[in-house]
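**Student:**
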Amino acid sequence: MATKTLKYDDLMNTVNVGTVNWDDGDNYVIYTYGGSDTVSLFVDGTTWVDAGDGNDRVTVNGSGNSTIYGAAGNDTLLHNANIIDDGVATLNGGAGDDALTGLAGAYDYLYGESGNDKFYVGTNNRAYGGSGNDTYVFEDDADASDVTITEYANEGIDRIEANFNSYTFSANVEEYEMRLSKDFSATGNNQNNTVIAISGNDYFDMKGGNDQVYAGFGDDTAHGGDGNDKIDGSKGDDLIYGGTGNDTLHGGHDFGVWWSFDIDTIYGGDGDDFIDGGFGNSLTDGERLYGEAGNDTLATTEGSGTMYGGTGNDIYRTQGDGSNIIEYANEGTDTIEFFGVNLTMGANVENLVHISNSRGTYYDYKDANTITGNALANAITGNDYVNNIEGMAGADSLYGKGGNDNLRGGDGNDRVWGEVGDDMLYGDAGNDTMAGGTGNDALYGGTGDDVMAGNDGDDFVVGDAGNEMMYGGNGDDYLSGGTGYDTIWGESGNDVIRAGSNNDYLYGHDGNDRLYGDGGSDFQYGGLGNDVFVFAALSDSNISTGIDKIWDFTAGQDKMDLSIMDANTLLLGNQAFSMGGRTAPGAGHAGTVWVESFGASTYDPAFVRVYGDVNGDGTADFQIDVMNVTSMSASDFYL
Numbered sequence: 088m089a090t091k092t093l094k095y096d097d098l099m100n101t102v103n104v105g106t107v108n109w110d111d112g113d114n115y116v117i118y119t120y121g122g123s124d125t126v127s128l129f130v131d132g133t134t135w136v137d138a139g140d141g142n143d144r145v146t147v148n149g150s151g152n153s154t155i156y157g158a159a160g161n162d163t164l165l166h167n168a169n170i171i172d173d174g175v176a177t178l179n180g181g182a183g184d185d186a187l188t189g190l191a192g193a194y195d196y197l198y199g200e201s202g203n204d205k206f207y208v209g210t211n212n213r214a215y216g217g218s219g220n221d222t223y224v225f226e227d228d229a230d231a232s233d234v235t236i237t238e239y240a241n242e243g244i245d246r247i248e249a250n251f252n253s254y255t256f257s258a259n260v261e262e263y264e265m266r267l268s269k270d271f272s273a274t275g276n277n278q279n280n281t282v283i284a285i286s287g288n289d290y291f292d293m294k295g296g297n298d299q300v301y302a303g304f305g306d307d308t309a310h311g312g313d314g315n316d317k318i319d320g321s322k323g324d325d326l327i328y329g330g331t332g333n334d335t336l337h338g339g340h341d342f343g344v345w346w347s348f349d350i351d352t353i354y355g356g357d358g359d360d361f362i363d364g365g366f367g368n369s370l371t372d373g374e375r376l377y378g379e380a381g382n383d384t385l386a387t388t389e390g391s392g393t394m395y396g397g398t399g400n401d402i403y404r405t406q407g408d409g410s411n412i413i414e415y416a417n418e419g420t421d422t423i424e425f426f427g428v429n430l431t432m433g434a435n436v437e438n439l440v441h442i443s444n445s446r447g448t449y450y451d452y453k454d455a456n457t458i459t460g461n462a463l464a465n466a467i468t469g470n471d472y473v474n475n476i477e478g479m480a481g482a483d484s485l486y487g488k489g490g491n492d493n494l495r496g497g498d499g500n501d502r503v504w505g506e507v508g509d510d511m512l513y514g515d516a517g518n519d520t521m522a523g524g525t526g527n528d529a530l531y532g533g534t535g536d537d538v539m540a541g542n543d544g545d546d547f548v549v550g551d552a553g554n555e556m557m558y559g560g561n562g563d564d565y566l567s568g569g570t571g572y573d574t575i576w577g578e579s580g581n582d583v584i585r586a587g588s589n590n591d592y593l594y595g596h597d598g599n600d601r602l603y604g605d606g607g608s609d610f611q612y613g614g615l616g617n618d619v620f621v622f623a624a625l626s627d628s629n630i631s632t633g634i635d636k637i638w639d640f641t642a643g644q645d646k647m648d649l650s651i652m653d654a655n656t657l658l659l660g661n662q663a664f665s666m667g668g669r670t671a672p673g674a675g676h677a678g679t680v681w682v683e684s685f686g687a688s689t690y691d692p693a694f695v696r697v698y699g700d701v702n703g704d705g706t707a708d709f710q711i712d713v714m715n716v717t718s719m720s721a722s723d724f725y726l
């Protein structure tokens, strides 16, 4: 028996050997050397081909047994059918990203060796991927048991594309993709498996590993098993179990106008899971999302169905009104991220954030939104539009964000921040802390000892019952105390500051401020600027209701304004005062103001006391102490 050798040069060749007849018992050896060669053989004997380096294409036809070596390069090696009889082909891809095609029914051996190889296989073929990310494409009627695939550990991410009715991942094969629509079941291994289905009612049991399942259309059931899995149910009524691990679970999307509505049921299992029921599921029943153990995130767009986070610090993302959210006591600190219009927080949900849209682009709400808390200590954050937020009972934290918001703390010791926009803030009951932020804000303290700050803008800040701490901040603010013992700072700007009905402390600070003593014994400090100290009624400062003290009056700069007060009650109308001397003028001099100086003592500095008689009985009806000055003249007053 002889061996006949055919050699071709290393240029790019098209070699058509034709029929190799080995009736005389000869074996053929063919070398094409380098170059990107195209070789076509029709053999009925034993043939050995070395295609050499280059991107070669070698096609073997006939009933003979053939061995093909692709060597280096991205080669295409094919075994084609022979009507009479089929031989056995051994295809060796060598280095490079090769494509190897076996013949269905023939006992072909396909070796990818190194590189990202693609195998086209049929019944009785045996394929060995080697190193690299290899793909095995099964002929349409081939089953998994018809082909032997061998892959070893750490040889790349390997993939099967087929139309099996069911598939159990063999060792070291990671991915599977369906090629046709049909019902299908898959069982994973301990690798990081990926399964891609098209349509049909499929079943997936992925076992260990960080798996990815794309179920396609149909009513699918998927078990992620152990590992951090990603499961996408797509269209259909899907049942999804994340298992242990931090899973990402999507029910899929419903387009009800064109197709039927979907109802997905998803269980996160142990771990910190992200569970998304999908958008467009708008039936009353809707999807059913169960976070179970772990710090889970549950998301719907329509707000229908059921969302139950279970134990852990869970996040709910919803467009609905919150009635579909279930939480029980002592199951963690939970948060609603809300992108709808109206929401009432259910029992045992602590925090809420109002966002402008869902998933970045799908939804945008610019009308007024109403959010109502519950009896817990809620943290509620609005969005950039108009928010109406009410904390209800509990020590709540409310944040308006952008927009002209209306925020109510409700019962409890609340923290209320308007932030951007012209906001309305109500502390209601409790010892509240409120800040307006930027914009022209209005703050109302309510009952309790409140701290209120207007911050930027021209703010309106009003106390109520309780001992208030009030700060105007930047801007020309209006601040008014309530019935408690209040301390009020105007800070920057030309502020109007009114004491309440009790003994208050008033500080103008910067700007040309107007300070009103009102009832009680008030402490007044104008600060920098040309300040005016206003007394509009007898009750603002007298022996019976309390004498006010002004601590930083500067002659030629500050003024005491008595012009609003009626100087002579014996006459109709509002009469002006006249300046008297340093002693009481006696009876019959209604409408007279006089000033008496007092030297320093152990307890007080030198001061001037301003008196006024409005009924002509010769005694003072009001008294005002101006500290740290020794004299005052008519030019220091608006009479």
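Here our numbering runs 87 ahead of the position in the sequence shown, where the first position is 1. Ideal Cβ positions, reconstructed from N, Cα and C, are used throughout, including at glycine. This one's a predicted model, so the numbers in the text were calculated from it and none came from an experiment.
By Cβ distance, which residues of its chain are closer than 6 Å to M394, with the 5 residues on each side in sequence left out?
**Tutor:** L376, L385, Y403, N411, I412
**Student:** Select from S567, I327, I575, G595 the residue whose C-alpha is nearest the C-alpha of T364.
**Tutor:** This sequence places Gly at residue 364; Thr is not what is there. Cα-wise, what sits closest to G364 is I327.
**Student:** Once DSSP output is grouped into helix, strand and coil, what is the label at A229?
**Tutor:** Note: A229 maps to coil in three-state DSSP.
**Student:** Measuring alpha carbon to alpha carbon, tell me which of D324, I236, E261 ends up nearest I244.
**Tutor:** E261
**Student:** Counting along the chain, where does the beta strand (DSSP E) carrying Y472 start and finish?
**Tutor:** Looking at the DSSP string, Y472 is not in any beta strand (DSSP E), and its letter there is neither H nor E.
**Student:** Helix or strand or just coil, what does DSSP make of I353?
**Tutor:** strand
**Student:** Which residue's Cα is closest to the Cα of S650: T679, R669, G675, K636?
**Tutor:** T679
**Student:** Can you say whether A214 is buried or exposed, counting buried as having 16 or more other CB atoms within 10 angstroms of its CB?
**Tutor:** buried
**Student:** What residues match up with L336 in a beta bridge as DSSP calls it?
**Tutor:** According to the DSSP secondary-structure assignment, L336 is paired through a beta bridge with I318, I362.
**Student:** Within 10 angstroms of the Cβ of G216, are there 16 or more other Cβ atoms? Answer buried if so, exposed if not.
**Tutor:** buried
**Student:** Whose CA, out of G160, A176, D140, lies closest to the CA of L128?
**Tutor:** A176
**Student:** Is DSSP giving S626 helix, strand or coil here?
**Tutor:** helix
**Student:** For N252, is the classification buried or exposed, using 16 other Cβ atoms within 10 angstroms of its Cβ as the cut-off for buried?
**Tutor:** exposed
**Student:** According to the Cβ coordinates, are G330 and G305 closer than 8 Å?
**Tutor:** no
**Student:** Restricting to runs no shorter than 3 residues, where is the beta strand (DSSP E) found entirely within the segment 198 to 228?
**Tutor:** Correct list: 205 to 208, 213 to 215, 222 to 225.
**Student:** Buried or exposed for S286, please, with buried defined as at least 16 other CB atoms from any protein chain shown within 10 angstroms of its CB.
**Tutor:** Its Cβ being crowded by 16 or more others within 10 Å, S286 is buried.
**Student:** Assuming L553 and D528 are in contact, meaning their beta carbons sit under 8 Å apart, how far apart are those beta carbons, in whole angstroms?
**Tutor:** It is worth fixing the name first, because residue 553 is Gly in this sequence and not Leu. Not confirmed; about 20 Å, so no contact.
**Student:** In three-state DSSP terms, what is D137?
**Tutor:** strand
**Student:** Quick one: what's got a C-beta closer than 7 Å to Q662's C-beta in the same chain, skipping five residues either side?
**Tutor:** D653, A654, N655, G678
**Student:** From what residue to what residue does the beta strand (DSSP E) around V619 run?
**Tutor:** Residues 619 to 621.
**Student:** For the beta strand (DSSP E) holding N456, just list the boundary residues, first then last.
**Tutor:** 456 to 459
**Student:** Can you tell me which residues form a DSSP beta bridge with A529?
**Tutor:** M511, F547
**Student:** Extract the residue ranges of the beta strand (DSSP E) inside the segment 643 to 676, only unbroken runs of 3 or more that lie entirely within it.
**Tutor:** 646 to 648
**Student:** May I ask you to report which of helix, strand or coil DSSP gives S722?
**Tutor:** helix
**Student:** How would you call R669, buried or exposed, if buried means at least 16 neighbouring beta carbons within 10 angstroms?
**Tutor:** R669 sits exposed, since fewer than 16 C-beta atoms from the chains shown fall within 10 Å of its C-beta.
**Student:** Let's see if you can read the secondary structure: which residues bound the beta strand (DSSP E) around G699?
**Tutor:** 694 to 700
**Student:** Here's the rule: buried if 16 or more other CB atoms are within 10 angstroms of the residue's CB, otherwise exposed. What is S631?
**Tutor:** When all chains shown are included, S631 counts as exposed.
**Student:** Cα-Cα, which of N250, G378, G189, D140 is closest to E418?
**Tutor:** G378
**Student:** Does DSSP put V538 in a helix, in a strand, or in coil?
**Tutor:** strand
**Student:** Helix, strand or coil: which one does DSSP assign to G329?
**Tutor:** Residue state for G329 is assigned as coil, using DSSP reduced to three classes.
**Student:** Mapping the DSSP letters down to three states, classify F271 as helix, strand or coil.
**Tutor:** coil
**Student:** Please return the same chain residues whose Cβ sits closer than 6 Å to the Cβ of V549, not counting the five positions on each side in sequence.
**Tutor:** Y531, S567
**Student:** Spatial neighbours of T420 within its chain, please: C-beta separation below 6 Å, excluding the five flanking residues on both sides.
**Tutor:** N400, E437
**Student:** So for T146, helix, strand or coil by DSSP?
**Tutor:** strand
**Student:** For the beta strand (DSSP E) containing Y194, list its first residue and its last residue.
**Tutor:** Neither: Y194 is in no beta strand (DSSP E) and is coded neither H nor E.
**Student:** Let me check one thing: in DSSP terms, what residues is A466 bridge-paired to?
**Tutor:** N438, S484
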